[in-house]
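Residue numbers for the sequence shown follow our numbering, beginning at 619 and rising by one.
Yeah, the Cβ is synthetic: ideal placement off N, Cα and C, and Gly gets one too.
This one's a predicted model, so the numbers in the text were calculated from it and none came from an experiment.
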Amino acid sequence: MTLALHGGAPVRAVPWPAWPPPLDAAQRELVTRVLESGQWGATQGGSVVTDLAAAFARRSGAPYAVATGNATLGLFAALRGLGVGRGDEVIVPAYTFVASATAVLLTGATPVIADVDPDDLHLSAGAAERAVTSATAAVMPVHLAGSPADMDPLNALAARHGLAVVEDAAQAHGAAYKDRPVGGLGDAGVYSFQASKAMTAGEGGLIVCRTEEAYREIWSVCNVGRSPGGAWYGHPRTGWNLRLTEIQAALLLPWLDRLDDEIDTRERFCAALERELATLPGRPVSVVPRPPGTTRDSRHLLMLRVEPEVVDRTFLLAAMEAEGVPLDAGYPPLGTMTALTAEGARVEPCPSAEEAARTVVWIRQPMLMDDTDGPAQVAEALAKVLTSRA
Ligand SMILES: Cc1ncc(COP(=O)(O)O)c(C=O)c1O
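Shown next as structure tokens:
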């Protein structure tokens, strides 16, 4: 038996649910059909890729969709398709995955790293406003952890300054803001199907957008500069092969039928854990609140704020791991990444992202899929570690 850091049996001795979950019958059937058809690519559009794009367009309330290789490329294609390029600036939040900023770099534009809201850790409309210059071309709200960013103030800011809005919905399949699905709230929205995401094909991405003009441009970026319906060797624009395959789409399309049930499971986990945390004396750990306007949180991650004076963070992470309840240290603030500043990223003051990097830890999605024993075990491990802290 593995002993916990301070002795005794770990709180959780059995593995957490695996991610991705086992293939279901519909996935098995569709993947097999695609494999046996020999039509694995989607050069001509692809039938399953087309169905997947149409399903996402329907679900997100945005009329157009383009499937792509991953969300980094999807964000790049969306920005480029909306006309963002060299000499432009794009405002991104300081507390997000690095790809939100590196996608901007791919277009030749400059990422401008603005602070997040101190409570919900999503892009702050106030900080974004302060970051606007005459070069600003777009703003990229990130629906962090599956919680929708508070879009109304960000869309209003974009309207005031004539900016494009590209939603980074990489973590937020199925989430909704004021009862409207994320992805369809700005000019374009981008989902990821990378291995850790709520729907995955190992890799993959999908862009939804609002206008036919944007669709034609974004489609072209992802299809070697061709025009939709145009000549095979006609390349009126510069574009690349950024396509998803039929095999990936066959894993993803049936997943849409169970996405909502899986979100419900994670939501039950989060609600139960929140109740458990409220019973810890002094409430040393709290759930990071969702932004205003959240009506459906896809619960990709659960972010917890741990009061820094209560426990040393390195000890907490090691001790929780030893209890069989691994937590994640979360993002370093983007502005501290020298790889980004070396490429010219502009960094605004970001005290809230810096505070989050010191105080916030995450529970990852696979753990949230155990809504029976999971919440009580996380709370028990936290209570044990906090009372025995170094
Ligand atoms: C917020 C965010 N944006 C962008 C990405 C990039 O997605 P992908 O890995 O599909 O390129 C990720 C995924 O890791 C993400 O979490």
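DSSP links ASN841 through a beta bridge to ASN859. When only Cα atoms are considered, GLU830 and ALA755 end up about 20 Å apart. Each residue's CA atom was taken as its position, placing LEU860 and SER1006 some 51 Å apart.
Look at PRO910 here: in three-state DSSP terms it is coil, with no helix or strand label. Any heavy atom of ligand 1 counts here; residues with a Cβ closer than 6 Å to one of them, in chain order, are ASN688, ALA689, THR690, THR714, PHE715, ALA717, SER718, VAL760, ASP786, ALA788, GLN789, SER810, GLN812, GLY823.
About 20 Å separates the Cβ atoms of GLY847 and VAL826, ruling out a contact at the 8 Å cut-off. Here GLY807 is bridged, per DSSP, to GLU785, VAL826. Secondary structure note for VAL978: its beta strand (DSSP E) is the uninterrupted segment 978-982. In its chain, beyond the 5 residues on either side, VAL652, THR863, GLU864, ILE865 have a beta carbon closer than 7 Å to the beta carbon of TRP658. Looking from the CA of LEU869, the closest CA among THR650, PRO633, ARG630, PRO635 belongs to THR650. PRO909 and GLU885 have their C-alpha atoms spaced approximately 16 Å apart.
Closest by C-alpha distance to GLU707, out of VAL978, SER845, ALA732, is ALA732.
The residue among ALA712, THR818, PRO711 with its C-alpha nearest the C-alpha of GLN983 is THR818. The Cβ neighbour count for LYS796, taken over all protein chains shown within 10 Å, is under 16; the residue is labelled exposed. TYR682 has CYS827 as its beta-bridge partners, per DSSP. Between the alpha carbons of THR956 and ALA849 lies a gap of roughly 43 Å.
When rounded, the separation of the alpha-carbon atoms in TRP634 and ASP737 is 29 Å. Bridge pairing for THR754: GLU707 [DSSP].
According to DSSP, THR728 shares a beta bridge with GLU707. Under DSSP, ARG964 forms a beta bridge with VAL730. When the five nearest sequence neighbours on each side are left out, the beta carbons in the same chain lying within less than 6 Å of the beta carbon of SER678 are those of PRO799, GLY801, GLY802, VAL826, in order along the chain. Annotated three-state conformation of TYR949 is coil, per DSSP. Assignment of ARG917 by DSSP, reduced to helix, strand and coil, places it in the coil class. The shortest C-alpha to C-alpha distance from ILE981 to any of GLU973, GLU972, GLY992 is the one to GLY992.
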